[in-house]
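**Student:**
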Amino acid sequence: MTDKLTLAVNHALNDARMARARMGLMAPTMGLDNKRHSAWCEYGFPEQVTYENLYALYRRGGIAHGAVEKLVGKCWQTNPEIIEGDDADESKDETAWEKNTQKVFTKRLWRAFAEADRRRLVGRYAGILLHINDSRTWDQPVVLGKSLKKVTIAWAGSLTVSEWFTDQKSADYGQPKQWKYVESLPNGGTNQRFVHPDRVFILGDYSNDAIGFLEPPYNAFVSLEKVEGGSGESFLKNASNKQAINFEKDIDFSNLASLYGVSVDELQERYNEAARELNIGNDVLLITQGAQVTSMVSAVSDPGPTYDVNLQTASAGVDIPARILVGNQQAERSSTEDQKYFNGRCQSRRGDLSFEIEDFCDKLIDLQIVDSVSQKAVIWDDLNEQTGTEKLTNAKTMGEINQTMQGSGEEPAFSRKEIRTAAGYDNDDEEPLGEEDGDEEDEATDSAA
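Each residue of the sequence shown is one higher than the one before, starting from 4 at the first, in the numbering used here.
(1) Name the DSSP beta bridge partners of Arg196, please?
(2) Count the other CB atoms, across all protein chains shown, that sit within 10 Å of the CB of Tyr184; report buried if there are 16 or more and exposed otherwise.
(3) Which residues share a DSSP beta bridge with Ala129?
(4) Would you give the residue range spanned by the beta strand (DSSP E) that Leu162 belongs to?
(5) By DSSP, does Leu74 sit in helix, in strand, or in coil?
(6) If you compare alpha carbons, which of Asp385, Tyr54 and Phe204 is closest to Leu217?
(7) Would the beta-carbon of Ile248 fall within 7 Å of that of Ala294?
(8) Look at the alpha carbon of Ser138 and the alpha carbon of Thr316, and state the distance between them as a whole number of angstroms.
(9) Taking buried to mean at least 16 other C-beta atoms within 10 Å of its own C-beta, is Trp182 buried or exposed?
(10) What's the call for Cys167, buried or exposed, on a 16-neighbour Cβ count within 10 Å?
(11) Write down every uninterrupted run of the alpha helix (DSSP H) in the region 223-281 whose length is 4 residues or greater and which is fully enclosed by it, in chain order.
(12) Am I right that Gly160 and Tyr58 are in contact with their C-beta atoms under 8 Å? What's the rounded C-beta distance?
(13) Please name the residue in Ile327, Lys110 and Gln350 whose C-alpha comes closest to that of Glu340.
(14) In the DSSP assignment, what are the bridge partners of Leu151?
(15) Is the separation between the beta-carbon of Ala70 and that of Ile323 shorter than 7 Å?
(16) If we count the other Cβ atoms within 10 Å of its Cβ and call it buried at 16 or more, is Lys379 buried or exposed?
(17) Quick one: what's got a C-beta closer than 6 Å to Glu84's C-beta in the same chain, skipping five residues either side?
(18) Which residues does DSSP list as the beta-bridge partners of Lys379?
(19) Please report the distance separating the alpha-carbon of Arg202 from that of Met401.
(20) Which residues bound the alpha helix (DSSP H) around Gly489?
(21) Looking at the strands, I want to know which residues DSSP matches up with Ile156.
(22) Checking 7 Å against the spacing of the C-beta atoms, do Leu112 and Gln371 come in under that value?
(23) Just list the residues that DSSP pairs Pro179 with in beta bridges.
(24) When the Cβ atoms of the region 302-309 are set against those of the region 220-238, are three or more pairs found closer than 8 Å?
(25) Can we say the region 36-45 touches the region 188-201, given the rule of at least three CB pairs closer than 8 Å?
(26) Nearest to Ser165 by alpha carbon, out of Val154, Lys172 and Gly177?
(27) Looking only at C-alpha atoms, which of Gln143, Ser234, Gly126 and Arg127 sits nearest to Leu133?
(28) Between the alpha carbons of Glu413 and Ile422, how many angstroms are there, rounded?
(29) Using the rule of at least 16 other Cβ atoms within 10 Å of the residue's Cβ for burial, across every protein chain shown, is Met29 buried or exposed?
(30) May I ask which residues mark the beginning and end of the alpha helix (DSSP H) holding Asp311?
(31) Given Arg121, which residues of its chain have a CB within under 7 Å of its CB, disregarding the five upstream and five downstream residues?
(32) Alpha carbon to alpha carbon, how far is Gly410 from Glu443? Give it in angstroms, no decimals.
(33) Identify the residues that DSSP records as bridge partners of Gln295: which are they?
(34) Looking at C-alpha atoms only, which residue of Asn82, Leu395, Ile214 and Gln80 is the closest neighbour of Gln51?
(35) Just the Cα atoms here: how many angstroms apart are Arg348 and Gln342?
(36) Hey, Pro220 and Val329: beta-carbon distance below 7 Å or not?
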């Protein structure tokens, strides 16, 4: 009965695979190869990448997890600042609006925003749920002018739209009318809540045609898992040290079985026991009679080339250099250039984050949690800023250039202020320099030297 059931299950699975393959032949979306429309089905790639796929990839995939963590960790290496005015304002005086805003945008809030950014990279979008001190339930509009108690970060899989505005004459047509949040409880259960849009800020894109951060390289990540698992399985099978026993054609199995005190049918199990003892023990003797024992070992191919090809594809998909992605810093020149590129990539992404932070601040202004201001900007520090040693090296080089030019009778190329700025020092409190240019240039040269 069991054998018949097994055959029936195998036939059903085979029919399902064939049906999916036939569907792939009729669906050009299952691959980019026009000649083989079922290529993705044969390779084991999903036709549609769902949130569950992306979350599982981030949770169990080392390379994918590292890509998200490295990008978020570098972009949020330091917290941004929201200032009144524009980013070109060089004034260092803190305004009253900035002081009041810092009471809301605390370090704890920035860490929560960074966590939302992390979850957005995984699931295309993430939600920031606002806990307003207005004594209302989550499904009701916010009472304006109340304070913000805390925020909760929600994965895309737990925060979905439950109802849309369907009136085409409404200004909110096509926007969420109500959100559904499935809260995970500490005891392992869940609690479903409906949340008003006033209390939700979405980081990312929740539209149907949104493309996630991990979605373009998803196929490469699947191939990486196959290479890792396949090569690991090959090494494991070789390490298991299976034995093959080749008996001579004229061997008498009845006589051999009588030596062990078992029947011929039980002889196989005795040899299995001997093989297990042989693999476990260090000094074990295997006695054979008219037989040759050999280990069944298969050649294991080097997974490196195949792994590197898929790693490069995954690296291109997430736009992170492969050396940075896997932490392999070998050649100093190339590693330095990769780090500069990655810093520039994160600095550019900070610009996109600045717009989202401004939108979040605008939402708090609409809810009258933060006071309104005519103009504001989000500023970050420079990830490619030189270290103190690099600045002093540049200043020393500038001084040497001045000394060389003076030795040849030419005017120095850099002033004392320029050298001090290159060294990382301010010139605001510096005393006025000499009246003659020659004295100023001599002092600059002496200072640099």
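Ideal placement from N, C-alpha and C gives every residue a C-beta, glycine not left out.
**Tutor:** Result, derived from the coordinates:
(1) Tyr184
(2) Buried: at least 16 other Cβ atoms inside 10 Å.
(3) Leu206
(4) For Leu162, the enclosing beta strand (DSSP E) has its first and last residue at Leu162 to Trp167.
(5) helix
(6) Tyr54
(7) yes
(8) 51 Å
(9) buried
(10) Checking the sequence shown, residue 167 turns out to be Trp, not Cys. Flag for Trp167 reads exposed.
(11) 256-263
(12) 6 Å
(13) Of the listed residues, the one whose Cα sits closest to Glu340 is Ile327.
(14) Ile135
(15) Yes.
(16) Buried, since its Cβ has 16 or more Cβ neighbours within 10 Å.
(17) Ile382
(18) Glu87
(19) Roughly 56 Å separates the two Cα atoms.
(20) Nothing about residue 489 can be read from this structure; the chain reaches only from 4 to 452.
(21) Paired residues: Ile131.
(22) no
(23) Trp167
(24) yes
(25) no
(26) Gly177
(27) Gln143
(28) 18 Å
(29) Confidence at Met29 is low in this model, with a pLDDT of 47, below 50, so the placement of that residue is unreliable and no value is reported for it.
(30) Gly307 to Val321
(31) Val71 and Val75
(32) Confidence at Glu443 is low in this model, with a pLDDT of 43, below 50, so the placement of that residue should be treated as unreliable; the coordinate-derived value is given next. Straight-line Cα distance between these residues: approximately 16 Å.
(33) Residue pairing from DSSP places Gln295 in a beta bridge opposite Asn249.
(34) Ile214
(35) Going from the Cα of Arg348 to the Cα of Gln342 covers about 10 Å.
(36) No; because the gap between Cβ atoms is not below 7 Å, this pair is not in contact.
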